[in-house]
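Taken in sequence, the protein lines are chains A and B.
With the first letter of the first sequence counted as 1, position 218 gets the number 219 in my numbering; the numbers rise by one all the way through.
With the first letter of the second sequence counted as 1, position 452 gets the number 453 in my numbering; the numbers rise by one all the way through.
Below is one structure; the comments refer to it alone.
2 protein chains.
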Amino acid sequence: MYHIYKQKNFIRMWVKLNNRKHKLKVLPNKIVIEVKEDENLMSALLRHGIDLGGVCGGKGLCGKCLIKVVEGETSATTVQEKKWQEASGFQFRLACQTRILSDAMIEVLETFVGSKMQILSWIVEKKFELEPSVKKLSLNIRKPSLEYQEADLNKILEESKVHVFDPKILGKISHILWNSNFRVNVIVYDGELLDILPQDLDKKIYGIAFDIGTTTVVGYLYSLDEGTLLSVKARYNDQIKFGEDVISRIEFAGKSGENMRLIQEAIISTVNNIIEELEKAVNISHNQIYDIVCSGNTVMTSFLLGNDCYYSSKAPYIPSFTLPIKCKARDLGVRVNQTAYLRTLPSISAYVGGDVVADILISEIYKENGPVTLIDLGTNGEVVVKVGEKFLATSCAAGPALEGYSIRSGMRAVEGAIESVTISEDCNEVYYRTIGGGKPVGVCGSGIIETIAWMKIRGIINKTGKIVEGSSKRIFRENGELQFLLAKENETANGKKIVIAQTDIRKIQLAKAAIFSSLITLLKLVGVEVLDLRKLFVAGAFGTYVDPFYAIIIGLLPDIPRERFIQIGNGSGAGAGMLLLSKKKWEEAADIVKKVKVVELNLVKFFKDEFINATYFPHKNENLFKNSLEKIKHL
Amino acid sequence: MYHIYKQKNFIRMWVKLNNRKHKLKVLPNKIVIEVKEDENLMSALLRHGIDLGGVCGGKGLCGKCLIKVVEGETSATTVQEKKWQEASGFQFRLACQTRILSDAMIEVLETFVGSKMQILSWIVEKKFELEPSVKKLSLNIRKPSLEYQEADLNKILEESKVHVFDPKILGKISHILWNSNFRVNVIVYDGELLDILPQDLDKKIYGIAFDIGTTTVVGYLYSLDEGTLLSVKARYNDQIKFGEDVISRIEFAGKSGENMRLIQEAIISTVNNIIEELEKAVNISHNQIYDIVCSGNTVMTSFLLGNDCYYSSKAPYIPSFTLPIKCKARDLGVRVNQTAYLRTLPSISAYVGGDVVADILISEIYKENGPVTLIDLGTNGEVVVKVGEKFLATSCAAGPALEGYSIRSGMRAVEGAIESVTISEDCNEVYYRTIGGGKPVGVCGSGIIETIAWMKIRGIINKTGKIVEGSSKRIFRENGELQFLLAKENETANGKKIVIAQTDIRKIQLAKAAIFSSLITLLKLVGVEVLDLRKLFVAGAFGTYVDPFYAIIIGLLPDIPRERFIQIGNGSGAGAGMLLLSKKKWEEAADIVKKVKVVELNLVKFFKDEFINATYFPHKNENLFKNSLEKIKHL
């Protein structure tokens with residue numbers, strides 16, 4: 002049974018002391034970790050390829066390497082561990098602080114077993130029946146003679162049980178049929194014959210789900226034969242050069258037809274580059290890709306299809322279209338099989354788009370009674386609230402800072418990015434961890450959040466987000482601006498220092514205020530207190546990696562117990578993948594669009610005040626973050 | 002009531018003598034010709050803009066300027082007229098030989114009233130209801146507000162009562178709607194929204210019917226609002242450089258993908274050039290053209306759509322497809338509105354194509370009990386025979402000679418082409434007439450036929466087609482080959498002499514033998530004597546201009562009474578036009594395809610002998626042309 006919360010599952014492992022007879026019965030296919038005497042668990046796990054994401058080098062400072070001990074004797078809890086237990090309210094151990102005294106059984110967050118890719122991949126592994134729109138059929142065609150002169154196409158259509166075909170196949174149909182001795186495979190898309198292939202050359206068929214984000218575009222390559230995810234590739238959206246958020250891009254696109262052409266060309270080129278990377282990763286040809294499903298906000302979807310959103314950017318905010326669009330990929334210049342379709346998800350309004358529909362599909366929030374919410378942490382942030390029959394959604398311009406863009410030392414969450422950070426109690430040491438484990442190049446979204454959270458914990462920034470001069474040896478001023486040094490020139494891969502500057506903090510402040518105030522506004526409209534939320538689904542590529550613990554500290558996410566958070570990963574991309582693989586899910590998507598009511602924040606009187614209150618770290622109203630503020634005192 | 006035989010109608014005219022009180026009652030809107038005293042009728046008609054097509058300059062030699070006298074006194078019949086009456090078996094007068102002695106009423110073949118274009122245009126003027134696939138609707142769209150935020154596209158689809166739309170319109174839909182104050186026209190094609198236009202800029206919409214011949218391509222521009230033909234343009238098919246007949250082109254195309262690309266590119270470029278000429282002729286934009294229907298033989302249709310016909314050229318002659326094809330014109334690179342469709346007619350077999358279906362539609366031969374036949378005089382000639390329920394068709398390679406191609410001085414039937422010829426009794430004078438009336442540049446199909454017919458009449462060629470040396474002062478030998486001089490260097494527009502060479506005669510001989518023997522073969526298969534044919538429909542661009550009188554003399558058409566011939570003009574182009582304007586006619590076309598049985602001439606034992614017999618002028622079996630051979634003795 003597929004479960005979208007699988008990410009939060011713990012995986013059980015058997016730990017046995019080296020050179021001893023172990024007492025525990027090890028089940029087949031279970032993970033067994035051998036521990037050397039006096040070795041701490043983190044080292045042992047690392048030797049077995051399991052990296053729990055520790056930042057501080059085993060000093061017990063970062064609180065990352067948490068495990069649960071189910072059975073067996075272990076060393077006593079250390080002072081560092083006690084601090085973290087206090088801060089989290091959760092009786093875990095830190096692997097770097099724990100030694101095994103007998104054979105034992107422990108549990109580790111599944112997230113850490115395997116690569117990061119798995120986090121994104123499990124989402125569409127199970128739960129729905131595999132029923133892609135594209136199917137491959139094997140046909141055995143009757144051979145012709147002077148007495149049986151039926152045209153090749155007629156016979157193939159009849160055997161395929163379809164009436165419609167893509168005219169692009171007319172040039173090759175007979176060559177393939179005759180050369181393969183009348184045994185062929187055909188590719189059929191919802192009643193339309195797309196392609197014909199020789200049967201002995203049994204080529205696999207593929208589809209790609211795209212999450213077209215304002216800042217980041219992610220492509221997921223799926224096998225349509227088996228429904229499995231084979232590769233994921235991401236790039237910044239080339240459109241960023243024309244504006245960092247949707248509003249500035251709409252302004253640019255609306256100025257001229259040529260500008261609109263550039264905007265569309267930018268996203269098509271991003272998409273084509275990702276397709277090329279995906280093809281290389283699994284060594285297939287673009288001819289084998291027969292279907293594309295694109296999820297994105299209304300503006301990104303519109304740009305992809307050549308629409309400039311000019312009228313949807315002004316009151317009364319009328320979108321050009323909200324229907325799901327289906328077109329031939331070739332008509333957009335997308336380089337896959339020439340007969341392939343490209344589809345986009347339905348939108349809800351001019352600013353609540355197909356990406357939210359995808360998030361809702363993946364989270365299944367529509368099945369909840371609530372109060373529950375869903376937050377998509379993207380450049381265009383979206384918030385959905387469901388309480389009983391009330392189902393509201395809105396969007397807000399968070400900007401690209403959360404995705405590492407527009408930040409001085411920011412970068413995407415790729416190899417070399419500082420993704421996790423701890424600052425020592427004396428405020429002078431910084432412990433960090435990079436994606437890939439090598440020298441750092443920059444800092445990605447989660448690294449920025451953790452840095453700012455630690456700056457808040459250590460008092461390096463104050464409530465208003467201002468860097469407190471003299472609070473750390475790492476603070477310096479350059480070109481008149483206060484900055485906090487994350488990594489010195491000699492530590493980095495490119496010899497450039499990595500910093501968090503005052504303006505970076507301001508950008509994060511505006512982003513988190515936009516999202517938190519949108520949430521509070523929707524909740525107020527339905528009369529629900531934020532601390533009463535039963536569940537909070539966090540979506541967005543960035544949302545996958547950010548630790549709610551730190552997101553709460555800076556006031557990006559509400560201060561509810563950790564177990565109520567459900568990170569659904571890149572819901573937009575995962576939803577697109579689900580729609581790629583399941584015809585039935587399109588009906589659910591159409592249903593969601595009808596049920597959700599959109600709130601225009603500009604029309605809500607108290608929204609502006611909420612926004613200003615939310616710019617504080619964590620919030621002007623500290624009662625909302627009482628729990629968190631209490632916890633961090635222990636660290 | 003539309004009538005496809007209208008071309009054969011005579012138009013009645015009132016003729017009155019100048020300065021006299023006329024006795025006849027002239028009806029309103031009737032043509033009145035005033036004749037000066039002692040003026041012959043040809044001069045008078047020419048003064049009134051009516052050119053009967055005389056070749057010999059009023060000497061009564063060419064027999065072209067025939068009229069009927071209905072009432073009134075005229076001068077006595079001349080010796081020349083008596084010869085022609087004997088030859089034709091028809092008591093007409095020659096206008097150049099006739100003077101009016103009282104007010105009179107005459108009849109003139111309607112063909113001559115107006116330009117040649119009319120010959121092509123009347124065909125689809127009436128008879129069926131105008132019901133094009135493309136329609137223009139006027140919509141008044143509800144204006145949006147903050148309370149009514151329905152997306153623009155949704156509203157337009159609802160008002161248009163369609164669910165499908167071309168994604169290419171997504172970029173402009175809102176701009177047009179908002180800028181035209183929500184009053185728009187939409188273009189709908191069979192349930193698909195193609196375009197949206199501001200209502201105050203009420204643009205007309207157009208469609209083009211193409212006859213894609215092996216040698217000549219003709220485009221007919223129609224108003225889809227009114228169903229009227231507005232312009233006709235023709236060009237040689239650019240594919241000719243890759244082979245003159247379908248077989249040599251199939252060989253070329255089959256050699257490589259690159260060759261196929263060149264073959265397709267050639268026809269697309271021909272089509273695009275014709276579209277450009279049509280647009281210029283009526284001063285419209287390519288954006289106003291929303292539909293294209295292409296008629297052609299199976300090979301031409303296949304090439305247009307990128308298929309090389311490789312397998313259909315070998316036994317058992319299996320076509321890749323015979324279904325009607327519908328695709329976006331943009332997918333072929335055809336430059337019309339980007340949302341326009343291009344459709345091709347259904348074919349019957351690998352060599353009996355959509356052009357024949359079009360001919361059958363236009364001639365309505367399927368409604369006849371017979372015995373009737375239809376002959377399409379093209380490079381790929383087609384013959385259809387209907388007797389009771391028997392409905393046979395075949396095709397033959399006639400080559401491009403009948404269309405003036407591959408002939409030493411040959412050219413298309415355009416301005417400067419010698420289209421009509423007479424040779425004097427002493428064999429030394431040649432009278433000719435050019436299209437446009439200026440100096441000649443070359444000779445077109447009908448001119449070649451008439452020249453060879455007169456060479457036969459005057460004994461300049463013998464029964465086997467050999468030029469008889471010494472029979473005319475115009476015979477000369479150049480590079481070892483006998484040639485007949487049609488026009489000297491100083492008579493022509495470009496200073497080059499115009500000739501009919503022995504090899505030209507051989508090419509015409511093979512062409513006419515192919516067509517006549519195909520006809521005889523089909524008739525033998527259904528047990529009908531050629532002279533028993535009730536009707537013979539002649540189709541093809543060339544078939545429009547050729548005079549059956551001369552076609553019989555050389556043995557191209559059978560020796561049946563003139564009134565049994567019905568020239569339907571370019572049936573292929575006219576049929577395409579009818580399908581452009583009438584959705585219902587597509588059903589009739591589909592029905593025709595099911596009823597017609599194709600005969601493979603190669604499989605008919607006696608065909609080869611029939612072919613050899615038909616290479617003689619007029620035929621080896623002179624009994625088949627007894628009537629004609631008798632007539633020409635009088636000339």
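The C-beta atom is built at its ideal place from N, Cα and C for all residues, glycine as well.
| Check | Outcome |
| --- | --- |
| Can you give the beta carbon distance from Leu-222/A to Tyr-237/A, rounded, assuming they're within the 8 Å contact cut? | The pair is not a contact, with the Cβ atoms about 19 Å apart (cut-off 8 Å). |
| With 16 other CB atoms within 10 Å as the buried threshold, where does Leu-625/A fall? | buried |
| Determine the direct distance from the alpha carbon of Lys-387/B to that of Leu-346/B, and round the result to whole angstroms. | 21 Å |
| Would you say Ser-425/B lies against chain A (beta-carbon separation less than 8 Å)? | no |
| DSSP beta-bridge partners for Ala-502/A? | Gln-484/A |
| Going by CA-CA distance only, name the one from Gln-289/A, Phe-129/A and Met-412/A that's closest to Ile-188/A. | Gln-289/A |
| Would you call Phe-113/A buried or exposed, if buried means 16 or more other Cβ atoms sit within 10 Å of its Cβ? | The pLDDT assigned to Phe-113/A is 46, lower than 50, so where the model puts this residue is not dependable, and the model offers no usable value. |
| So which of Ser-473/A, Gly-446/A, Ile-462/A and Thr-465/A has the shortest CA-CA distance to Asp-427/A? | Ser-473/A |
| Rounded to the nearest angstrom, what separates Thr-647/A and Tyr-190/A at their Cα positions? | Because chain A is modelled from 2 through 636, residue 647/A falls outside the range shown and cannot be assessed. |
| Could one say the Cβ of Trp-179/B lies closer than 8 Å to chain A's Cβ atoms, at least one of them? | yes |
| Measuring only the C-alpha atoms, how far is Glu-564/A from Asn-41/A? | 28 Å |
| Going by Cα to Cα distance, which pick from Asp-560/A, Ile-107/A, Glu-148/A and Cys-97/A is closest to His-620/A? | Asp-560/A |
| Are the beta-carbon atoms belonging to Ile-555/B and Ile-424/B less than 8 Å from one another? | no |
| Within a Cβ cutoff of 6 Å, which residues of the same chain sit near Leu-279/B, ignoring the five residues on either side of it in sequence? | Gly-220, Leu-222, Ser-232 and Lys-234 |
| Return the chain-ordered list of same chain residues with a C-beta closer than 7 Å to the C-beta of Ser-181/B, the five sequence neighbours on each side being excluded. | Pro-199, Gln-200 and Asp-201 |
| List the DSSP bridge partners of Phe-166/A. | Leu-194/A |
| Give me the chain A residues within the contact set of Ser-175/B, using Cβ-Cβ distance strictly less than 9 Å, ordered along the chain. | Asn-308, Asp-309, Cys-310, Tyr-311, Tyr-312, Ser-313, Ile-319, Pro-320, Ser-321 and Phe-322 |
| Counting contacts by CB-CB distance shorter than 8 Å, is Ser-146/B in contact with chain A? | yes |
| Alpha carbon to alpha carbon, how far is Ala-494/A from Lys-440/A? Give it in angstroms, no decimals. | 5 Å |
| Which of the three DSSP states is assigned to Thr-302/A in this structure? | helix |
| Which partner residues does Ser-519/A have in the DSSP bridge list? | According to DSSP, Ser-519/A bridges with nothing at all. |
| What do you get for Ser-146/A, buried or exposed, if any count of 16 or more other CB atoms within 10 angstroms of its CB means buried? | exposed |
| Check whether the segment 291 to 302 of chain B touches the segment 242 to 257 of chain B, taking contact to mean three or more Cβ pairs, one atom from each stretch, closer than 8 Å. | yes |
| Can a CB atom of chain A be found closer than 8 Å to the CB of Pro-29/B? | Reliability fails at Pro-29/B, whose pLDDT of 44 lies under 50, so the model's placement of it is uncertain and no value is given. |
| Below 8 Å, how does it come out for the segment 600 to 615 of chain A and the segment 511 to 522 of chain A: are there three or more Cβ pairs, yes or no? | yes |
| Taking all protein chains shown into account, do 16 or more other C-beta atoms lie within 10 angstroms of the C-beta of Leu-581/A, making it buried, or fewer, making it exposed? | buried |
| For Arg-459/A, does the three-state DSSP call read helix, strand or coil? | coil |
| Here's the rule I'm using: 16 or more other beta-carbon atoms within 10 Å means buried, otherwise exposed. How should Asn-338/B be labelled? | buried |
| Which residue from Glu-416/A, Lys-368/A and Glu-193/A puts its Cα closest to that of Ser-134/A? | Glu-193/A |
| If you run the structure through DSSP and keep just helix, strand and coil, what is Gly-574/A? | helix |
| Can you list, in chain order, the stretches of the beta strand (DSSP E) that have 3 or more residues and sit fully within the segment 325 to 401 of chain A? | 327 to 329, 342 to 345, 373 to 377, 381 to 388 and 391 to 398 |
| So, is Gln-92/A buried or exposed, given that buried needs 16 or more other C-beta atoms within 10 angstroms? | exposed |
| Quick check on the burial criterion: 16 or more other C-beta atoms within 10 angstroms. Buried or exposed for Phe-607/A? | exposed |
| Output the distance between the C-alpha atoms of Ile-275/A and Ile-269/A, rounded to the nearest integer angstrom. | 10 Å |
| Have a look at Gly-437/B and Gly-54/B and give me their C-alpha separation to the nearest angstrom. | 11 Å |
| Buried or exposed for Ile-613/A, going by 16 or more other Cβ atoms inside 10 Å? | exposed |
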